[in-house]
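Enquirer: So that we are looking at the same thing, I have put the structure below in structure tokens.
Numbering (the numbering used here), first residue to last: 230 to 301.
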């Protein structure tokens, strides 16, 4: 689409992510991939679960608290 053209530093001209990742064990590679995905997706997905959790907490506190009988 080339709507916005970004100029990256010259360091990235010869950077090969596959060669850099080859130096890490597969567990570290998986962790870094998950961490990257979480950092990218979090701003988009966080508002929905936060809203649902907030609604659930309010609903639970307002509507579904058990009534207690303190008579002995």
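Note that beta-carbon positions come from the ideal geometry of N, C-alpha and C, so glycine has one too.
Taking Cβ to Cβ, would you say residue 258 is nearer than 7 Å to residue 250?
Expert: Here residue 258 refers to the residue found at position 29 when the chain shown is read from its first residue. Here residue 250 refers to the residue found at position 21 when the chain shown is read from its first residue. Cβ atoms of residue 258 and residue 250: closer than 7 Å.
Enquirer: Just to confirm the assignment, what range does the alpha helix (DSSP H) spanning residue 244 have?
Expert: Against the chain shown, residue 244 aligns to sequence position 15. No alpha helix (DSSP H) holds residue 244; DSSP gives it neither H nor E.
Enquirer: By DSSP, does residue 253 sit in helix, in strand, or in coil?
Expert: As a working note, residue 253 is residue 24 in the chain shown. Residue state, collapsed to three classes: coil.
Enquirer: Using the three-state DSSP reduction, which class does residue 235 fall into: helix, strand or coil?
Expert: As a position in the chain shown, residue 235 is number 6, starting the count at 1. Coil, per DSSP.
Enquirer: Taking just the CA atoms, how far does residue 241 sit from residue 235?
Expert: The residue given as residue 235 occupies position 6 in the chain shown. The residue given as residue 241 occupies position 12 in the chain shown. Their backbone Cα atoms lie some 12 Å apart in a straight line.
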